[in-house]
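Participant:
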Amino acid sequence: MQQSFKVFTVIGILFTIILGSLSHFFYGWSGDFFLVGFFSPVNESVWEHLKLLFFPALLFMLTEQRLLSYRCPDLLCKNLIGLYAGLLSIPALFYAYTLFTKKSYLWADITIFILSVFITYLLAYTLCKKKLPAPLCRISRTVLYILLSAFAIISIFFLL
7 MQQSFKVFTV IGILFTIILG SLSHFFYGWS GDFFLVGFFS PVNESVWEHL
57 KLLFFPALLF MLTEQRLLSY RCPDLLCKNL IGLYAGLLSI PALFYAYTLF
107 TKKSYLWADI TIFILSVFIT YLLAYTLCKK KLPAPLCRIS RTVLYILLSA
157 FAIISIFFLL
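Under my numbering, the residue at position 16 of the sequence shown is numbered 22, and the numbers go up by one with no gaps.
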């Protein structure tokens, strides 16, 4: 059982790094098509760059849910908690290093993205071995709906 979760964790990490990196360019490649702006960054803000992790990881996690949920109770809940930790790490690490350097560096930003992907999937993998309280799972799903709404509303703001 654990072997399949290890394999899915590695595949999820690679999938999210590759699709997330490519999605940085989707909006420009689409000719600034507004619908693409809901799922990929439309500018260089930290908020918009959260989409690099959020949407590829969510896509993978929903697929994983369909394939492996019978092996891990509340798999989506555990994956979402990992995703939220990864999302929180991006602005925390970015603002921590730019506080000291007073500017951003591309290599550091890429490293932060990759670290956040690892945080996302490794936390979810660790949680798969534990039983989580039902209220925590309800909260994680509520936060998902809030984040989806926030991404949509803020994307509209940036697209106007």
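Just so you know, even glycine gets a beta-carbon here, dropped at the ideal spot from N, CA and C. Predicted, not measured: the structure shown is a model, and the values here were computed from it.
Does DSSP put E50 in a helix, a strand or coil?
Facilitator: coil
Participant: Relative to the alpha-carbon of L28, which residue among I87, V16 and V42 has its alpha-carbon at the smallest distance?
Facilitator: V42
Participant: So is L20 buried or exposed if we call it buried at 16+ other beta carbons inside 10 Å?
Facilitator: exposed
Participant: For the putative contact between F44 and A158, defined by C-beta atoms under 8 Å, what is the C-beta separation to the nearest angstrom?
Facilitator: Approximately 6 Å separates the beta-carbon atoms of F44 and A158; this is inside 8 Å, confirming the contact.
Participant: Skipping 5 residues on each side, what residues in its chain have a beta carbon closer than 8 Å to that of E70?
Facilitator: F14, G18, L81 and N85
Participant: Would you please state the rounded distance, in angstroms, between the beta carbons of G26 and F119? I believe it to be under 8 Å.
Facilitator: 7 Å
Participant: With a 10 Å radius around its C-beta and 16 neighbouring C-beta atoms as the bar for buried, classify S75 as buried or exposed.
Facilitator: exposed
Participant: Could you compute how far the alpha carbon of V48 sits from the alpha carbon of L73?
Facilitator: 32 Å
Participant: What's the C-alpha gap between F39 and F32?
Facilitator: 9 Å
Participant: Under 7 Å: does the beta carbon of F40 sit that close to some heavy atom of the ligand HEM?
Facilitator: For the structure depicted, the ligand HEM is absent and the ligand set is empty, with no information on it obtainable.
Participant: In the region 27-83, which residue ranges form an unbroken alpha helix (DSSP H) of at least 4 residues, counting only runs that do not cross its ends?
Facilitator: Taking only runs of at least 4 residues, the alpha helix (DSSP H) segments lying wholly in the region 27-83 are 52-55 and 57-74.
Participant: At what residues does the alpha helix (DSSP H) containing C143 begin and finish?
Facilitator: A140 to L165 is the extent of the alpha helix (DSSP H) around C143.
Participant: Out of T132, E54 and L56, state which residue places its alpha-carbon closest to the alpha-carbon of F11.
Facilitator: Measuring C-alpha to C-alpha distances from F11 to each of T132, E54 and L56 identifies T132 as the nearest.
Participant: Tell me which same chain residues have a C-beta within less than 6 Å of the C-beta of T126, skipping the five on either side of it?
Facilitator: A63, G88, L89 and G92
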